[in-house]
Amino acid sequence: MATSSRPSRLRYDPAAIDRKWQRRWDEDRIYHVDDDDPRPKWYALTMYPYPSGDLHIGHWYAMAPSDAHARFMRMRGYNVLHPIGFDAFGLPAENAAIKRGIHPYAWTMDNMERMRGQLRSMGCVYDWDREIVTCLPSYYRWNQWFFLKMYEKGLAYRAAAPVNWCPTCQTVLANEQVIDGRCERTGDTVIRREMEQWFFKITAYADELLDFSGVLDWPERIKTMQTNWIGRSEGVEISFDISDLGVDEREIATFTTRIDTVFGVTFLVLAPEHPLVARITTGERRAEVEAYVQQAREASEIDRLSTEREKTGVFTGAYAINRLSGERVPIWTADYVLLTYGTGAVMGVPAHDARDFEFAQRYGLEIRVVVAPPEWDGEPLPEAYLGRTGSQVSSGRFDGMGNAEGYEAIADHIVEQGWGERKVTYRMRDWLISRQRYWGTPIPILYCDDCGMQPVPEDQLPVLLPEDAEFKPTGESPLKQHAGFLNTTCPQCGGAATRETDTMDTFVDSSWYFLRYVSVDEGDAPFDAEKAKLWGPVDQYTGGAEHAVMHLLYARFFTRVIRDLGLVGHGEPFLRLFNQGTVLSDHMKMSKSRGNVVSPDVYVSELGADVVRLYLMFMGPWEGGGDWSDAGINGLARWMNRVWDLCTSPTDDLPADDGPADRDMTRRMHQTIRRVITDIERFKYNTALSAMMELTNEMGPALEARTVSRPVWAGTIRSLLLLLAPMAPHVTEELWERTGNPYSIHAQPLPEWDDALAAIEEATLVVQVNGKVRDRIAVPAGISEADAREQALGSERVRAYTDGHEVTKVVFVPGRYLVSVVVK
RNA sequence: GCCGAAGUGGCGGAAUGGUAGACGCGACGGUCUCAAAAACCGUUGGGGGCAACCCUGUGCCGGUUCGACUCCGGCCUUCGGCACCA
Numbered sequence: 000m001a002t003s004s005r006p007s008r009l010r011y012d013p014a015a016i017d018r019k020w021q022r023r024w025d026e027d028r029i030y031h032v033d034d035d036d037p038r039p040k041w042y043a044l045t046m047y048p049y050p051s052g053d054l055h056i057g058h059w060y061a062m063a064p065s066d067a068h069a070r071f072m073r074m075r076g077y078n079v080l081h082p083i084g085f086d087a088f089g090l091p092a093e094n095a096a097i098k099r100g101i102h103p104y105a106w107t108m109d110n111m112e113r114m115r116g117q118l119r120s121m122g123c124v125y126d127w128d129r130e131i132v133t134c135l136p137s138y139y140r141w142n143q144w145f146f147l148k149m150y151e152k153g154l155a156y157r158a159a160a161p162v163n164w165c166p167t168c169q170t171v172l173a174n175e176q177v178i179d180g181r182c183e184r185t186g187d188t189v190i191r192r193e194m195e196q197w198f199f200k201i202t203a204y205a206d207e208l209l210d211f212s213g214v215l216d217w218p219e220r221i222k223t224m225q226t227n228w229i230g231r232s233e234g235v236e237i238s239f240d241i242s243d244l245g246v247d248e249r250e251i252a253t254f255t256t257r258i259d260t261v262f263g264v265t266f267l268v269l270a271p272e273h274p275l276v277a278r279i280t281t282g283e284r285r286a287e288v289e290a291y292v293q294q295a296r297e298a299s300e301i302d303r304l305s306t307e308r309e310k311t312g313v314f315t316g317a318y319a320i321n322r323l324s325g326e327r328v329p330i331w332t333a334d335y336v337l338l339t340y341g342t343g344a345v346m347g348v349p350a351h352d353a354r355d356f357e358f359a360q361r362y363g364l365e366i367r368v369v370v371a372p373p374e375w376d377g378e379p380l381p382e383a384y385l386g387r388t389g390s391q392v393s394s395g396r397f398d399g400m401g402n403a404e405g406y407e408a409i410a411d412h413i414v415e416q417g418w419g420e421r422k423v424t425y426r427m428r429d430w431l432i433s434r435q436r437y438w439g440t441p442i443p444i445l446y447c448d449d450c451g452m453q454p455v456p457e458d459q460l461p462v463l464l465p466e467d468a469e470f471k472p473t474g475e476s477p478l479k480q481h482a483g484f485l486n487t488t489c490p491q492c493g494g495a496a497t498r499e500t501d502t503m504d505t506f507v508d509s510s511w512y513f514l515r516y517v518s519v520d521e522g523d524a525p526f527d528a529e530k531a532k533l534w535g536p537v538d539q540y541t542g543g544a545e546h547a548v549m550h551l552l553y554a555r556f557f558t559r560v561i562r563d564l565g566l567v568g569h570g571e572p573f574l575r576l577f578n579q580g581t582v583l584s585d586h587m588k589m590s591k592s593r594g595n596v597v598s599p600d601v602y603v604s605e606l607g608a609d610v611v612r613l614y615l616m617f618m619g620p621w622e623g624g625g626d627w628s629d630a631g632i633n634g635l636a637r638w639m640n641r642v643w644d645l646c647t648s649p650t651d652d653l654p655a656d657d658g659p660a661d662r663d664m665t666r667r668m669h670q671t672i673r674r675v676i677t678d679i680e681r682f683k684y685n686t687a688l689s690a691m692m693e694l695t696n697e698m699g700p701a702l703e704a705r706t707v708s709r710p711v712w713a714g715t716i717r718s719l720l721l722l723l724a725p726m727a728p729h730v731t732e733e734l735w736e737r738t739g740n741p742y743s744i745h746a747q748p749l750p751e752w753d754d755a756l757a758a759i760e761e762a763t764l765v766v767q768v769n770g771k772v773r774d775r776i777a778v779p780a781g782i783s784e785a786d787a788r789e790q791a792l793g794s795e796r797v798r799a800y801t802d803g804h805e806v807t808k809v810v811f812v813p814g815r816y817l818v819s820v821v822v823k
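Residues in the first sequence are numbered from 0 upward in steps of one, following numbering that gives the first Met the number 0.
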């Protein structure tokens, strides 16, 4: 399969070397992690994979560089825990069951077995004694246990929420099963339907989750995304009087962050799903409103929130009273208002809200300015004035106040009158954990006709998934039809009861798995508290940026709940976070449907695991991802060949000492050590490898010309191998042995550098005239500013541009060997 | 649409506000060979010049600065997320 440009053969047999050392490391258990090791701990974690079937190059891209970092930390003297496991529950297993008649358990187990072999071929430091598999009862029973704890604390509750409903299948669809608003199987229009579902009350921790002071190093962009996702806003919940409508409710609550604009309310808008809509709609408006509500059920939330889409809505025929002004305002329903945010109703202030403005324009509703923009001439506004600097007008007794002052005064007034209260709302909603599926953790709740909803007693856990489930192509959860699972007895009265058939979101599994790794065999608790304390929070977490919000936020929430249960001392699960990019193929995301998935296996068997690892790390900065290139990997194979040659060449005829290139070689070596170590610290593997390539580019000619002495050469080889060992563990181990060193290179400390030896002796002074480089002068390192200026201004090339002009300024940049001359 | 990123040679990319293009791939020329592959040596952003050199160039438009790939404002394009894929 060698392509024309591939090295015809490697100097070594990569498959044999991979096999030899993987077996040896395994036998010697050199990656076994000892809890009692006295060295400082380092918990390095890569997001565990979903067992989709085959390990593809994207998995390698996530795991090889993080393994290199874990190895790097080992060589720095840490006791490193870098475990692996499988995120084994999920929709694909169930789809395989429906489509191909394979049981999800069998499908998942087969996939994991294949992936274990592939993972081992990477040569990572994984301690397989610590593997976790979330679909096993020994794991998921603790999901159930956490659920019960949350239930006790009021953090797990049941409420109605909309789901994607396919009327033909009579089932709930996952978002990915909905294509353009239609069911992927039947093509029917999907509607949103209310169902009773289980939630975790993540909003109870919203404020704490906004606080990132407990993390040491997280990308700013992730913190920003989470902050925006949580979307805290302070405002006022104010009620409008509807006591004359003849319904039970006396008022409609709305939430606003701009209570200063309350005198500008010219309408109210209810979300189409708002329970009041049906009740307040008047007879002659009913048909139109019902049609509109029906239509809104078919629109996706993303569409509804689009600021580009034309705002639509219908008048319900009902009116509410604005208690501040005593005015009657029409009540509309419109799909730009969501039931899930605030109270599901908003006060329409078109003059001061862009969406309300657009809506009012379209439906001819009054646009009344109540916060006058500075220098406002009293004319109608061309667009909503959103500014916070204006003065109250048409606002009754608040007129003339600045609107910041008006805000406070109006809010106080409303609170005093009992018309509303100051409130904080969040864009983030509680975490809906219910899934109407089989392949997940059963929710440990049952329903008794006499006693009502009951939690399953702790000593009856786990609630096991029945193995003999039937998978029908309707997509309905098999648990619903499984009598053996469904029917049980009530722990209170002993009478007949039925089990909850919803299972949990798989994000529940991944919200605490990092704690399970510290004691995977623990049977009496989710984890051993002492060991959890020992390993503490994850020191370095790495994974895809697609998890920027949901998984990471859920894990932060869960850890805080676990802390409040008294099981761990910390609330922040991941101290440092790094998000790698995505590997592309032909500039496109890899997917089975595109047929562009790159399998690492063929490259591994031909070129060895190390070359694949190196190429992935060399491709570009890790956070940037990159395009897989068949040609590109050859460069790394070629370079490994070169390293092999350099390390195995005879050195008998090198000078015993005083090689003419010794000084340069030593300097280059120290520079390389410095660069590689500081680069790996920041996950800059691409530049770390460039630095090593520059070193080998210099080593080749020195060896050829016999200008380097034997001890300097040996020292350089030694450093090179040690620096490369975290990235290319197999070949470096082999070369370490062949160069006469004791097993194992992976138990060695990293080499150290000496800044004095790395220092340059001669520098290039760059001289700019009006910002353009006009000369480069070789000068001794550490040249004084005065000497640099003198040399620069004395340069003939420079004088060609300065003679006859007035020199107005000369800038010397310390430490940069740069003089910038400014002339008129 | 909203939130968050990213745009640099033929390609992947490098560059604390200070020499743009390190390192690698590819291409071209050469050495070796009967020949090819591999390996090794050299050239390689664009334009001009016999040459020394000069001009130009980091998605687009503008700004700050002695100096901008880097900072600021406005666009364009691509990518990640948007709550039942994980």
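Using N, Cα and C, we set each Cβ at its ideal position, and we do this for glycine too.
Quick one: is the Cβ of residue i within less than 8 Å of any heavy atom of the ligand PLP?
i	result
residue 63	Among the ligands in the structure shown, none appear at all, so the ligand PLP cannot be discussed.
How many angstroms separate the CA atom of residue i from the CA atom of residue j?
i	j	result
residue 690	residue 722	11 Å
residue 32	residue 236	55 Å
residue 468	residue 97	11 Å
residue 609	residue 724	10 Å
residue 801	residue 702	47 Å
residue 604	residue 715	30 Å
residue 616	residue 66	11 Å
residue 128	residue 35	16 Å
residue 782	residue 131	60 Å
residue 260	residue 359	15 Å
residue 481	residue 172	20 Å
Determine the DSSP secondary structure at residue i, reduced to helix, strand or coil.
i	result
residue 675	helix
residue 682	coil
residue 164	strand
residue 557	helix
residue 646	helix
residue 193	strand
residue 219	helix
residue 448	coil
Quick one: what's got a C-beta closer than 6 Å to residue i's C-beta in the same chain, skipping five residues either side?
i	result
residue 422	236
residue 805	823
residue 387	none
residue 698	645
By alpha-carbon positions, which one of the options ends up nearest to residue i?
i	options	result
residue 439	135, 756 and 119	135
residue 563	207, 116, 76 and 678	207
residue 666	695, 759, 653 and 613	759
residue 22	556, 69 and 116	116
residue 102	437, 67 and 262	437
residue 168	514, 435, 792 and 695	435
residue 338	14, 498, 171 and 159	159
residue 540	529, 726 and 571	571
Give me, in chain order, the residues of the same chain whose beta-carbon lies closer than 8 Å to that of residue i; leave out the 5 immediate sequence neighbours on both sides.
i	result
residue 4	Since pLDDT at residue 4 reaches only 48, below the 50 mark, its modelled position is unreliable, and the value read off the structure follows with that caveat. So the qualifying residues of the chain are 630 and 633.
residue 203	154
residue 385	351, 352 and 353
Spatial neighbours of residue i within its chain, please: CB distance less than 7 Å, with the 5 preceding and 5 following residues excluded, ordered by chain position.
i	result
residue 342	236, 252, 253 and 254
residue 743	29 and 732
Is the region 263–271 close to the region 324–337, with three or more CB pairs under 8 Å?
Under the Cβ criterion (8 Å, minimum of three pairs), the region 263–271 counts as touching the region 324–337.
Is the region 564–575 in contact with the region 81–96, if contact means three or more CB pairs nearer than 8 Å?
By the Cβ test, the region 564–575 is not in contact with the region 81–96, since fewer than three Cβ pairs between them sit closer than 8 Å.
Using a Cβ distance threshold of 8 Å, determine whether the region 591–598 contacts the region 636–652, with at least three qualifying pairs required.
Pairwise C-beta distances place the region 591–598 out of contact with the region 636–652, as fewer than three of them are shorter than 8 Å.
Should the region 74–90 be regarded as contacting the region 43–58, the criterion being three or more beta carbon pairs within less than 8 Å?
Yes, they touch.
Quick check: the region 181–190 against the region 524–538, are there 3 or more CB pairs under 8 Å?
Flag = no, the region 181–190 and the region 524–538 do not touch.
Flag this pair as touching only if the region 484–498 and the region 454–466 have three or more C-beta atom pairs under 8 Å; answer yes or no.
Contact between the region 484–498 and the region 454–466 is present, with at least three C-beta pairs closer than 8 Å.
Report yes or no: do the region 673–688 and the region 619–626 share at least 3 C-beta pairs separated by less than 8 Å?
Three or more Cβ pairs closer than 8 Å define a contact, and the region 673–688 meets that threshold against the region 619–626.
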